[in-house]
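The block underneath contains the structure these notes are about, expressed in structure tokens.
Protein chains: 2
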Amino acid sequence: MTDKTENPEQLVQSLGEKARRAATTLAALSTEEKAKAIRAAAQAMRDDKDAILAANAKDMEAASDLPAAMQDRLKLDADRLTGIADAADSIAALPDPVGELIKTWDQPNGLTFERRRVPLGVVGIIYESRPNVTADAGLLCVMAGNAAILRGGSEAVHSNRALLAAIGKGLRSAGVPEEAVQLVPTQDRAAVGAMLKAAGLIDIIIPRGGKSLVARVQEEARVPVLAHLDGICHVYVDKDANPDMAREIAVNAKMRRTGICGAMETLLIDEAAVDMAPGIIRALLDEGCEVRGDVGVKGMDERVKPATAEDWDTEYLEPIVSAKLVSGVDGAIAHIAEHGSHHTDSIVTGNQQTADTFLGTVDSAIVMHNASTQFADGGQFGFGAEIGIATGRLHARGPVALEGLTTYKTVVKGSGQTRPA
Amino acid sequence: MTDKTENPEQLVQSLGEKARRAATTLAALSTEEKAKAIRAAAQAMRDDKDAILAANAKDMEAASDLPAAMQDRLKLDADRLTGIADAADSIAALPDPVGELIKTWDQPNGLTFERRRVPLGVVGIIYESRPNVTADAGLLCVMAGNAAILRGGSEAVHSNRALLAAIGKGLRSAGVPEEAVQLVPTQDRAAVGAMLKAAGLIDIIIPRGGKSLVARVQEEARVPVLAHLDGICHVYVDKDANPDMAREIAVNAKMRRTGICGAMETLLIDEAAVDMAPGIIRALLDEGCEVRGDVGVKGMDERVKPATAEDWDTEYLEPIVSAKLVSGVDGAIAHIAEHGSHHTDSIVTGNQQTADTFLGTVDSAIVMHNASTQFADGGQFGFGAEIGIATGRLHARGPVALEGLTTYKTVVKGSGQTRPA
Numbered sequence: 001m002t003d004k005t006e007n008p009e010q011l012v013q014s015l016g017e018k019a020r021r022a023a024t025t026l027a028a029l030s031t032e033e034k035a036k037a038i039r040a041a042a043q044a045m046r047d048d049k050d051a052i053l054a055a056n057a058k059d060m061e062a063a064s065d066l067p068a069a070m071q072d073r074l075k076l077d078a079d080r081l082t083g084i085a086d087a088a089d090s091i092a093a094l095p096d097p098v099g100e101l102i103k104t105w106d107q108p109n110g111l112t113f114e115r116r117r118v119p120l121g122v123v124g125i126i127y128e129s130r131p132n133v134t135a136d137a138g139l140l141c142v143m144a145g146n147a148a149i150l151r152g153g154s155e156a157v158h159s160n161r162a163l164l165a166a167i168g169k170g171l172r173s174a175g176v177p178e179e180a181v182q183l184v185p186t187q188d189r190a191a192v193g194a195m196l197k198a199a200g201l202i203d204i205i206i207p208r209g210g211k212s213l214v215a216r217v218q219e220e221a222r223v224p225v226l227a228h229l230d231g232i233c234h235v236y237v238d239k240d241a242n243p244d245m246a247r248e249i250a251v252n253a254k255m256r257r258t259g260i261c262g263a264m265e266t267l268l269i270d271e272a273a274v275d276m277a278p279g280i281i282r283a284l285l286d287e288g289c290e291v292r293g294d295v296g297v298k299g300m301d302e303r304v305k306p307a308t309a310e311d312w313d314t315e316y317l318e319p320i321v322s323a324k325l326v327s328g329v330d331g332a333i334a335h336i337a338e339h340g341s342h343h344t345d346s347i348v349t350g351n352q353q354t355a356d357t358f359l360g361t362v363d364s365a366i367v368m369h370n371a372s373t374q375f376a377d378g379g380q381f382g383f384g385a386e387i388g389i390a391t392g393r394l395h396a397r398g399p400v401a402l403e404g405l406t407t408y409k410t411v412v413k414g415s416g417q418t419r420p421a
Numbered sequence: 001m002t003d004k005t006e007n008p009e010q011l012v013q014s015l016g017e018k019a020r021r022a023a024t025t026l027a028a029l030s031t032e033e034k035a036k037a038i039r040a041a042a043q044a045m046r047d048d049k050d051a052i053l054a055a056n057a058k059d060m061e062a063a064s065d066l067p068a069a070m071q072d073r074l075k076l077d078a079d080r081l082t083g084i085a086d087a088a089d090s091i092a093a094l095p096d097p098v099g100e101l102i103k104t105w106d107q108p109n110g111l112t113f114e115r116r117r118v119p120l121g122v123v124g125i126i127y128e129s130r131p132n133v134t135a136d137a138g139l140l141c142v143m144a145g146n147a148a149i150l151r152g153g154s155e156a157v158h159s160n161r162a163l164l165a166a167i168g169k170g171l172r173s174a175g176v177p178e179e180a181v182q183l184v185p186t187q188d189r190a191a192v193g194a195m196l197k198a199a200g201l202i203d204i205i206i207p208r209g210g211k212s213l214v215a216r217v218q219e220e221a222r223v224p225v226l227a228h229l230d231g232i233c234h235v236y237v238d239k240d241a242n243p244d245m246a247r248e249i250a251v252n253a254k255m256r257r258t259g260i261c262g263a264m265e266t267l268l269i270d271e272a273a274v275d276m277a278p279g280i281i282r283a284l285l286d287e288g289c290e291v292r293g294d295v296g297v298k299g300m301d302e303r304v305k306p307a308t309a310e311d312w313d314t315e316y317l318e319p320i321v322s323a324k325l326v327s328g329v330d331g332a333i334a335h336i337a338e339h340g341s342h343h344t345d346s347i348v349t350g351n352q353q354t355a356d357t358f359l360g361t362v363d364s365a366i367v368m369h370n371a372s373t374q375f376a377d378g379g380q381f382g383f384g385a386e387i388g389i390a391t392g393r394l395h396a397r398g399p400v401a402l403e404g405l406t407t408y409k410t411v412v413k414g415s416g417q418t419r420p421a
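First to last, the sequence lines map onto chains R and B.
Numbering-wise (the UniProt record's numbering), the first sequence opens with residue 1 and increments by one.
Numbering-wise (the UniProt record's numbering), the second sequence opens with residue 1 and increments by one.
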């Protein structure tokens, strides 16, 4: 499948040119044509179940020495494959953002202006061992009218090739070029470097994976990147919070799932809320969460461990939380400005004015009032699917789904207008 | 003014930290507070007229050996300074995009979502010899709630410093931190390199100037860049075009101003429109435009020079146009896909279906129907001012004005919701 004679730049060049041609075709397809092709790809994955699971078994065999967590991410079985195919069907059912009239206006000279949503073009996805990304990310790009160039982890190489073969068959059967979703055929790491520098060939790169992958992509990329490096999310409990609500939100934000980027990593408590603070800290400890507190928090329960300076800048992704007393909402805002990662931060308070100060001032992609940070997710936002969460300031901010995979053009309509000198 | 002990990275670090603090203040200001500060800056430039013109005279003296065109860009006089101050007043009168509720939706669990427009943060502007950019770009950033770090050309160093001193005085008098608009105090070119790599300190870089500047910025930048490298704009005259309209649009698109990025560089004529083609070519020649044509066009007038391969990829910015016969709208679309720069392309036709094909398929920031490409300008779009035109696909596409200098955050409002397992 891989052409050994090509160097990485030539390889990405040829993938990029095929992708651009496919993207031009995709941009002209109707919503139903795209949906039909995606449903056909879903069915092809069901039909090729045996081949896909056999390929995955090869990957699992080679992965026998890898950590259990990685093996679990890599593993496919009949249920998981059905889940992947069903997810594809739900992508096909999402509202199509392409063609949307974002705004329209006119000028006294009679020119009318229409800002219309169009596909981004060619999307590069660089990911690790989860084979489901091959279908989820690839087909989400297609639904938004984009071509995708996928570079999966080497552990999943056989699974990804089998999934892609099915997807390509499905797309082709619906009259969509299979180059709409391509897999980089080599595991040579230099191919990733070539993708990151392929400005003009690839319009945007979305890394899906651990911090080291995202960091490398952000450091090396010449192509725009949508990503988040850290999810250091905060919950601030204000003195005017309902104690039960504050406790429930704090426990859920940390403990529902500790490994997701929207999990709370630091709990900030108003020093004027000392009455409710111990109950929240104990609830976290009772749930089996390690609490690393500042002096004020340490005094609340002997199980609290002392926090060190680096705790405030640490994304644990584990049942560990750092906790600190701050002087009101301004203290919380100042702490988040210094230690936050512009991802998701939540305030719990019954005071609307205090909430508005927090929501207006905290400079994060997502700010919440009286809600758990674990809602920081495209599905929970009602986007139906998500390709990632972006914490940068440009283009798309927060959960990135179909709309984040589009851009716009301005259509100017006249009746012969020329510009006066 | 410049601290010789600082290396460029330290310098940009300290400028960036001051800018971030100012941006936090600016983000919280009301529309009227921002407008008042900008009007005060405009008045301060009027009040400091003598100092500014004296500083400009110094620059002009040092520039005596520079090309006349560059001296003209550099030159300030009473009228031009009044124009700069009046432009600042009109920026203060623009509608404020910050705070706009872009969209709102909710979920069955009772969470409500608000996508709100917020400032980008810190904007870096790198420009050449036009001192008016110091006021125009700097104050446009302020109106959108951003802090600006300006790096002007060395030829304009005295003019820029004098303008900035007045602007800072004006802002300060209205209670806005003067660090809202800063000028890089050294002409050391390494400072530009440091700006381009200042990810996290500078949120976006906007280069204003010639192709070599933009190319360097796009090549070196680690910070997102909004820019256009080329403006190779096309006008396609379809067989169903009104001959007079086609001639007037072609002549205006090329000749009204040949030096702007929206000027037509290539004229594409439907080979089925041969009846009207010679009239258009002659009109351009009669206006003093050099026409470089393919075989078909060459036969229309002896004054037509033969086009070479590179003409189709050349932005002349002069009274020169390349012209070619194409096979209908598909031929035009194919030529633009191969040679265009994703800036502005226009079709002249009376056939709505042909127009829709062109407008829908041509992948440019701006596509036009029956209008001159010279309208590709923020002012002509009704934006009131423009900081540049972007031909990339992300964030802002086409003329970039106040809205392009903003981003959004999602505000999630709950009543104690926690996410179910």
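Glycine residues also receive a C-beta, built at the ideal position from the N, C-alpha and C atoms.
Since this is a predicted model, take the numbers as computed values, not measurements.
Strictly under 8 Å for the Cβ-Cβ distance: is residue 203 of chain B near chain R by that measure? Taking the first residue of the second sequence as 1, we reach residue 203 of chain B at position 203. Yes, residue 203 of chain B counts as interfacial toward chain R.
Helix, strand or coil for residue 413 of chain B, going by three-state DSSP, please let me know. In the second sequence, the residue the question calls residue 413 of chain B occupies position 413. Residue 413 of chain B: strand per DSSP, three-state reduction.
Proximal residues to residue 132 of chain R (C-beta, below 6 Å), its chain only, five neighbours per side dropped
In the first sequence, residue 132 of chain R corresponds to position 132, counting from 1. For residue 132 of chain R, where only same-chain residues beyond five positions count, the Cβ hits under 6 Å are 84.
Within 8 Å, do at least three Cβ pairs link the region 4-14 of chain R to the region 185-204 of chain R? yes
By the 10 Å Cβ neighbour count, where 16 or more other Cβ atoms means buried, how is residue 295 of chain R classified, buried or exposed? Counted from its first residue, the first sequence places residue 295 of chain R at position 295. So residue 295 of chain R counts as exposed.
So, is the C-beta of residue 224 of chain B closer than 8 Å to a C-beta in chain R? Numbered from 1 along the second sequence, position 224 holds the residue referred to as residue 224 of chain B. Yes, its Cβ sits closer than 8 Å to a Cβ of chain R.
query = Between which two residues does the beta strand (DSSP E) carrying residue 370 of chain B extend?
reply = As a working note, residue 370 of chain B is residue 370 in the second sequence. Taken as a continuous stretch (DSSP letters only), the beta strand (DSSP E) holding residue 370 of chain B covers 366-371.
- DSSP beta-bridge partners for residue 293 of chain R? The sequence position of residue 293 of chain R within the first sequence is 293, counting from 1. When beta bridges are read from the DSSP output, residue 293 of chain R appears opposite R/306, R/323.
(message) Using a 10 Å radius around the Cβ and a threshold of 16 neighbouring Cβ atoms, would you call residue 309 of chain R buried or exposed?
(response) Position 309 of the first sequence, counted from the start, is the residue given in the question as residue 309 of chain R. When all chains shown are included, residue 309 of chain R counts as exposed.
Near-chain R residues of the region 253-264 of chain B (beta-carbon distance less than 7 Å), N- to C-terminal order = 256
task: Using a Cβ-Cβ cut-off of less than 7 Å, list which residues of the region 107-130 of chain R approach chain B; keep chain order.
output: 107, 111, 113, 120, 121
query: When the Cβ atoms of the region 268-275 of chain R are set against those of the region 229-246 of chain R, are three or more pairs found closer than 8 Å?
result: yes
Just the chain R side, please: which residues come within less than 7 Å of residue 382 of chain B by C-beta, in chain order?
Here residue 382 of chain B refers to the residue found at position 382 of the second sequence. Under the 7 Å cutoff, chain R gives 105, 107.
Should residue 211 of chain R go down as buried or exposed, given a rule of 16 or more other Cβ atoms within 10 Å for buried?
Taking the first sequence and counting its residues from 1, the one referred to as residue 211 of chain R is at position 211. Looking at its Cβ environment, which holds fewer than 16 other Cβ atoms inside 10 Å, residue 211 of chain R is exposed.
Chain B contact for residue 316 of chain R (CB, 8 Å cutoff) = Locating residue 316 of chain R in the first sequence gives position 316, counting from the first residue. Taking Cβ atoms only, chain B never reaches closer than 8 Å to residue 316 of chain R, which makes this a no.
At least three beta-carbon pairs within less than 8 Å, the region 338-355 of chain B to the region 289-307 of chain B: Result no; under three Cβ-Cβ pairs closer than 8 Å.
Residues sharing a beta bridge with residue 378 of chain B, DSSP
In the second sequence, counting from the first residue as 1, residue 378 of chain B sits at position 378. Its beta-bridge partners do not exist; DSSP assigns none.
**Report entry** Contact set between residue 245 of chain R and chain B, taken where Cβ atoms lie within less than 7 Å
**Finding:** Locating residue 245 of chain R in the first sequence gives position 245, counting from the first residue. Near residue 245 of chain R (Cβ distances below 7 Å), the residues of chain B are 416.
Notebook entry, point to check: From the beta carbon of residue 45 of chain B, is the nearest beta carbon of chain R less than 8 Å away?
Noted result: Start at 1 with the first residue of the second sequence, and residue 45 of chain B comes out as number 45. Cβ-Cβ to chain R under 8 Å: no for residue 45 of chain B.
| Under 8 Å from the C-beta of residue 98 of chain R: neighbouring residues of chain B | Numbered from 1 along the first sequence, position 98 holds the residue referred to as residue 98 of chain R. What residue 98 of chain R touches in chain B: nothing, since even the nearest Cβ is about 11 Å away.
**Message:** Within 8 Å of any Cβ in chain R, is that where the Cβ of residue 17 of chain B sits?
**Reply:** The residue given as residue 17 of chain B occupies position 17 in the second sequence. No, residue 17 of chain B does not count as interfacial toward chain R.
> Where does residue 405 of chain B fall in DSSP's three states?
Replying inline: Counting from 1 along the second sequence, the entry for residue 405 of chain B is found at position 405. Residue 405 of chain B: helix per DSSP, three-state reduction.
> With 16 as the cutoff for other CB atoms within 10 Å, does residue 17 of chain R come out buried or exposed?
Replying inline: Numbered from its first residue, the first sequence carries residue 17 of chain R at position 17. The residue is exposed, with fewer than 16 neighbouring Cβ atoms inside 10 Å.
- Query: Tell me which same chain residues have a C-beta within less than 8 Å of the C-beta of residue 225 of chain R, skipping the five on either side of it?
  - Reply: Within the first sequence, residue 225 of chain R is the residue found at index 225, counting from 1. So the list reads 204, 205, 206, 207, 217, 218, 392, once near-sequence residues are dropped.
Legend entry - Cβ contact check for the region 142-161 of chain B and the region 57-65 of chain B: 3 or more pairs under 8 Å: yes
Segments of 3+ residues assigned as beta strand (DSSP E) that fall wholly inside the region 225-302 of chain B = Those beta strand (DSSP E) runs which fall completely within the region 225-302 of chain B and span 3+ residues are 233-237, 264-270, 290-293.
Original post:
So, helix, strand or coil for residue 1 of chain R, using DSSP?
Top reply: Taking the first sequence and counting its residues from 1, one reaches residue 1 of chain R at position 1. No answer about residue 1 of chain R holds up, because its pLDDT of 47 lies below 50 and its placement is not dependable.
- prompt: Listed in chain order, which residues of the region 395-410 of chain R have Cβ atoms closer than 9 Å to some Cβ of chain B?
  reply: 395, 396, 397, 398, 399, 407, 408, 409, 410
For residue 371 of chain R, go through chain B and note every residue whose CB falls closer than 7 Å to its CB, in chain order. Residue numbering aside, residue 371 of chain R sits at position 371 when the first sequence is read from its first letter. In chain order: 111, 412, 414, 417.
Helix, strand or coil for residue 79 of chain B? Go by DSSP, reduced to three states. The residue labelled residue 79 of chain B in the question sits at position 79 within the second sequence. Helix.
inquiry  = 8 Å is my cut-off, CB to CB: does residue 216 of chain R come that close to chain B?
reply    = Counting from one through the first sequence, the residue named residue 216 of chain R turns up at place 216. Not an interface residue.
According to DSSP, simplified to helix, strand and coil, what is residue 182 of chain B?
The residue you call residue 182 of chain B lines up with position 182 of the second sequence. Strand at residue 182 of chain B.
Item to complete: Determine the chain R residues that contact residue 374 of chain B at a beta-carbon separation under 9 Å, and present them in chain order.
Response: If you number the second sequence from 1, residue 374 of chain B lands on position 374. Under the 9 Å cutoff, chain R gives 418, 419.
| field | residue 222 of chain R (DSSP reduced to helix, strand or coil) | value | The residue you call residue 222 of chain R lines up with position 222 of the first sequence. Residue 222 of chain R: coil per DSSP, three-state reduction.
Q. For the beta strand (DSSP E) that contains residue 393 of chain B, what are its first and last residues?
A. Position 393 of the second sequence, counted from the first residue, corresponds to residue 393 of chain B. Looking at the DSSP string, residue 393 of chain B is not in any beta strand (DSSP E), and its letter there is neither H nor E.
Q) On the three-state DSSP scale, how would you describe residue 399 of chain R? A) On the first sequence, residue 399 of chain R is found 399 positions in, with the first residue counted as 1. Three-state DSSP puts residue 399 of chain R in a strand.
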